[in-house]
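Written below as structure tokens is the structure these notes are about.
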Amino acid sequence: MTSVRHSLRFRLASTFAVFGALVSLLLSLGLFFTAHNLGERLMDETLRAEIEDYMSRRSRNPNSLPPATISVRGYVHVPGRGAENIPPELLRLNPGKYQLTLANIPYRVAVVDQGDERYVMLFNEMRQRQREELFLIYLVAGALIMTLVSAAIGWWLAGRVVAPVATLARRVDKARPEDEVPDVAKGFSSDEIGKLARVFDGYLRRMRAFMDRERAFTADVSHELRTPLAIIQGAVELMEEDDSLDEKQQKRIARVGRAARQMIDLTAALLLMAREKTSDEPVEQECDVCDVVRDVVEAHRYLVSATTNVEIDYRSRPRISAERTLLSIVIANLIRNAFTYTESGSVFIQVDDNCLTVTDTGRGIHEEEIGKVFQRHFKGSTSTGAGIGLSLVKRICDRYGWETVIDSTEGRGTAAQLFFIGNS
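Counting in our numbering, the sequence shown tops out at residue 686, every number present.
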């Protein structure tokens with residue numbers, strides 16, 4: 263499940279609202295239980311006073327009747343006399359304080375013995391409970407109002423607090439490393455936000471200096487590498503046309519030519535990868551994967567041994583948007599590895615709608631090395647390369663959103679799949 267990320271202002275306001283709700287809830291609970299306990303104490307005091315008053319009256323007048331009002335009702339039980347007017351539930355009570363229900367009416371009960379006489383006094387709790395329910399409604403309404411007020415105040419305060427952060431975020435978003443003088447920190451005070459803004463300014467200056475050095479390096483490398491490579495390539499082409507060379511010399515010159523062409527392609531790929539990929543960059547032309555596969559196979563056919571069979575199956579002709587040089591580098595690495603490490607057997611190349619599969623029956627890869635083949639400068643136990651090929655493949659795939667999957671069994675062969683998922 264994807265978690266929802268709210269804004270900083272919303273989270274601050276939510277914190278205020280939750281804090282206000284908790285304070286209101288705790289305060290409301292405290293007030294309610296305090297009011298409830300106070301009501302019970304008042305009822306107990308009232309019952310005690312009524313019993314003492316009735317005892318006093320009865321001591322002066324034995325025929326005095328107990329109180330019988332809406333709120334208070336009393337009974338006296340004398341041994342040897344009838345108790346028909348006393349509810350049977352009361353006759354079973356011992357001296358003390360009780361809470362019971364008679365005829366669906368809740369009562370607070372006090373029982374006191376004096377001599378042989380037992381005095382029972384009841385207080386009707388119906389009105390007290392109604393008042394408590396009304397008081398609880400008031401408390402709940404007050405807690406809700408307090409929560410809303412806290413949320414509103416929190417939203418306002420959060421806006422004041424987050425405003426400098428939002429301003430800084432907008433400036434950082436608009437700032438570009440190529441700007442002459444970064445002004446991210448302009449107008450900020452010396453507080454924490456100001457310090458953060460000045461840190462961003464420093465990073466932008468350092469990034470600009472890095473970009474200047476990178477551009478100068480790229481331009482120098484582009485000129486200093488491409489020029490001698492072009493000279494070598496031209497010289498090789500002239501030497502290839504020389505009929506006076508014997509077969510052994512021609513093979514050596516052809517090898518130099520292939521190395522020069524590979525160096526030219528690799529240099530172009532590295533320079534392309536060194537450039538930052540931006541949204542306003544011109545869209546690459548569409549490349550026919552089958553044409554690239556065909557050219558790569560022909561260029562590397564010299565690696566195929568006499569006892570190795572190469573089979574190509576074009577099930578589809580996918581066209582993808584990418585630099586042809588970069589696509590060639592990726593496909594060439596997969597095919598060259600299959601040709602190089604298959605001394606005898608077969609190499610099967612299959613092109614589907616969104617996938618290129620290269621399967622061979624060569625040496626295979628150790629199980630513990632499969633997860634490391636895309637690491638920079640990693641060389642397997644049977645590798646003859648410099649460890650840059652597949653790491654470059656990984657970088658190019660990350661650039662275009664492609665995916666490369668390699669499945670291998672040592673001694674039985676390797677299957678490499680290139681998925682053009684970013685172009686589906």
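By construction, the Cβ of each residue, glycine as well, lies at the ideal position given by its N, Cα and C atoms.
- [ ] Determine the contact status of T619 and A677, defining contact as a CB-CB distance below 9 Å.
- [x] Taking the sequence shown and counting its residues from 1, one reaches residue 619 at position 357. Taking the sequence shown and counting its residues from 1, one reaches residue 677 at position 415. A contact, by the Cβ cut-off of 9 Å.
Task: Identity of the residues DSSP links to M383 by a beta bridge - done: Here residue 383 refers to the residue found at position 121 when the sequence shown is read from its first residue. Per DSSP, G336, A372.
Task: CA-to-CA distance, E395 to R389, given in whole angstroms - done: Here residue 389 refers to the residue found at position 127 of the sequence shown. Here residue 395 refers to the residue found at position 133 of the sequence shown. Their Cα atoms are separated by approximately 10 Å.
Task: DSSP three-state assignment for V566, whether helix, strand or coil - done: Position 304 of the sequence shown, counting from 1, holds the residue named residue 566. It is coil, neither helix nor strand.
Task: Within 9 Å, strictly: CB atoms of S321 and V402 - done: Taking the first residue of the sequence shown as position 1, residue 321 is located at position 59. Taking the first residue of the sequence shown as position 1, residue 402 is located at position 140. Contact: no.
Task: Through-space distance from R319 to L353, alpha-carbon basis - done: Here residue 353 corresponds to residue number 91 of the sequence shown, with the count starting at 1. Here residue 319 corresponds to residue number 57 of the sequence shown, with the count starting at 1. Taking the straight line from one Cα to the other gives about 22 Å.
- [ ] Within 10 angstroms of the Cβ of Y316, are there 16 or more other Cβ atoms? Answer buried if so, exposed if not.
- [x] If you number the sequence shown from 1, residue 316 lands on position 54. By the 10 Å Cβ count, Y316 comes out buried.
TODO: Would you tell me roughly how many angstroms separate the C-alpha atoms of I493 and E502, rounded to the nearest one?
DONE: Position 231 of the sequence shown holds residue 493. Position 240 of the sequence shown holds residue 502. Between I493 and E502, the C-alpha separation is close to 14 Å.
Open item on the list: Could you compute how far the alpha carbon of A648 sits from the alpha carbon of F450?
Closed with: Residue mapping note: residue 648 aligns to position 386 of the sequence shown, counting from 1. Residue mapping note: residue 450 aligns to position 188 of the sequence shown, counting from 1. Residue placement at A648 is flagged as unreliable, the pLDDT there being 48, under the threshold of 50; a coordinate-derived value is accordingly withheld.
- [ ] Ignore the nearest five residues each way along the sequence and tell me which others in V667's own chain have a CB closer than 6 Å to its CB.
- [x] Walking along the sequence shown from the start, residue 667 turns up at place 405. Excluding positions up to five away in sequence, the list reads Q679.
Task: Proximity winner among C659, A275, N599, relative to W417 (alpha-carbon distances) - done: Within the sequence shown, the letter at position 155 stands for residue 417. Closest by alpha carbon: A275.
TODO: Within the same chain, show all residues whose beta-carbon is closer than 6 Å to that of L309, passing over the 5 residues directly before and after it, in chain order.
DONE: For the purposes of this step, residue 309 is taken as the residue at position 47 of the sequence shown. Here the set comprises A372, M383, F385.
Open item on the list: Quick check on the burial criterion: 16 or more other C-beta atoms within 10 angstroms. Buried or exposed for G675?
Closed with: In the sequence shown, counting from the first residue as 1, residue 675 sits at position 413. When all chains shown are included, G675 counts as buried.
TODO: List the residues that DSSP assigns as beta-bridge partners of I668.
DONE: Within the sequence shown, numbered from 1, the residue matching residue 668 stands at position 406. Partner(s): A678.
Open item on the list: Mapping the DSSP letters down to three states, classify L406 as helix, strand or coil.
Closed with: Within the sequence shown, the letter at position 144 stands for residue 406. If DSSP states are grouped into helix, strand and coil, L406 belongs with the helices.
Open item on the list: Need the endpoints of the beta strand (DSSP E) that F610 sits in, please.
Closed with: Along the sequence shown, read from residue 1 onward, the residue named residue 610 stands at position 348. Counting along the chain, the beta strand (DSSP E) containing F610 begins and ends at 607-613.
Open item on the list: Can you check which of these residues, D375, P490, P349, is closest to L364 by C-alpha distance?
Closed with: By one-based count along the sequence shown, residue 364 stands at place 102. Taking only the C-alpha atoms, the option nearest L364 is P349.
Open item on the list: Give me, in chain order, the residues of the same chain whose beta-carbon lies closer than 7 Å to that of S567; leave out the 5 immediate sequence neighbours on both sides.
Closed with: Residue 567 sits at position 305 when you count from the first residue of the sequence shown. So the qualifying residues of the chain are E605, S606.
Open item on the list: Just to confirm my understanding: we take A525, look at its own chain, exclude 5 residues before and 5 after, and list those with CB closer than 6 Å. What are they?
Closed with: Residue numbering aside, residue 525 sits at position 263 when the sequence shown is read from its first letter. Here the sequence assigns Met to residue 525, which means Ala is not the residue at that position. Same-chain partners within the cutoff: L491.
Open item on the list: Given this structure, state the Cα-to-Cα distance separating V280 from L362, to the nearest angstrom.
Closed with: Taking the sequence shown and counting its residues from 1, the one referred to as residue 280 is at position 18. Taking the sequence shown and counting its residues from 1, the one referred to as residue 362 is at position 100. For V280 and L362, the distance between alpha carbons rounds to 40 Å.
Open item on the list: Can you list, in chain order, the residues of its chain with a C-beta nearer than 8 Å to that of N571? Leave out the 5 residues immediately preceding and following it.
Closed with: Working through the sequence shown from its first residue, we reach residue 571 at position 309. Only G607, S608, V609 meet the Cβ criterion.
- [ ] Taking the CB atoms as reference points, tell me whether L270 and V427 lie closer together than 9 Å.
- [x] The residue given as residue 270 occupies position 8 in the sequence shown. The residue given as residue 427 occupies position 165 in the sequence shown. Their beta carbons are under 9 Å apart, which means L270 touches V427 by this criterion.
Open item on the list: Comparing C-alpha positions only, which one of R625, L430, I683 sits nearest to D669?
Closed with: Counting from 1 along the sequence shown, the entry for residue 669 is found at position 407. When each option's Cα is compared against that of D669, the closest is R625.
- [ ] Quick one: residues in its chain with C-beta nearer than 6 Å to the C-beta of R273, no 5 flanking neighbours on either side, listed in chain order?
- [x] Along the sequence shown, one-based indexing puts residue 273 at 11. The answer is none, since no qualifying residue turns up.
Task: Every unbroken alpha helix (DSSP H) inside the stretch 435-509 [4 residues or more] - done: 454-502
Task: 9 Å Cβ cutoff met for I574 and R556 - done: Working through the sequence shown from its first residue, we reach residue 574 at position 312. Working through the sequence shown from its first residue, we reach residue 556 at position 294. Yes, the Cβ-Cβ distance between I574 and R556 is below 9 Å.
Task: For C549 and D542, the rounded distance between their alpha carbons - done: Stepping through the sequence shown from its first residue, residue 542 is reached at position 280. Stepping through the sequence shown from its first residue, residue 549 is reached at position 287. Below a pLDDT of 50, predicted positions are generally treated as unreliable, and D542, at 46, falls in that range; no measurement from the model is reported.
Open item on the list: Applying the 10 Å Cβ sphere with the 16-neighbour rule, what's the burial state of R598?
Closed with: Reading the sequence shown from its first residue, position 336 is the one you call residue 598. Buried.
Open item on the list: On the DSSP bridge list, what partners appear for L364?
Closed with: Within the sequence shown, the letter at position 102 stands for residue 364. According to DSSP, which records beta bridges pairwise, L364 is partnered with I367.
Task: Buried or exposed (CB count within 10 angstroms, at least 16 for buried), S578 - done: Position 316 of the sequence shown, counted from the first residue, corresponds to residue 578. Burial call: exposed.
Task: Cβ neighbours of Y603 in the same chain (closer than 6 Å, five flanking residues each side left out) - done: For the purposes of this step, residue 603 is taken as residue 341 along the sequence shown, with counting starting at 1. Around Y603: G624, R625.
Task: Whether R523 touches Q495 by CB criterion (9 Å) - done: Residue 523 sits at position 261 when you count from the first residue of the sequence shown. Residue 495 sits at position 233 when you count from the first residue of the sequence shown. Cβ distance < 9 Å, so R523 and Q495 count as in contact.
Open item on the list: With distance defined between alpha-carbon atoms, name the residue in S653, E631, Q637, V338 nearest to N595.
Closed with: Taking the sequence shown and counting its residues from 1, one reaches residue 595 at position 333. Answer by Cα proximity: S653.
Task: For L304 and P357, the rounded distance between their alpha carbons - done: Here residue 357 corresponds to residue number 95 of the sequence shown, with the count starting at 1. Here residue 304 corresponds to residue number 42 of the sequence shown, with the count starting at 1. Rounded to the nearest angstrom, the two C-alpha atoms are 19 Å apart.
- [ ] Go to L618, then tell me how far its beta strand (DSSP E) extends in each direction, as first and last residue.
- [x] Looking up residue 618 in the sequence shown gives position 356. Per DSSP, L618 belongs to the beta strand (DSSP E) from 617-622.
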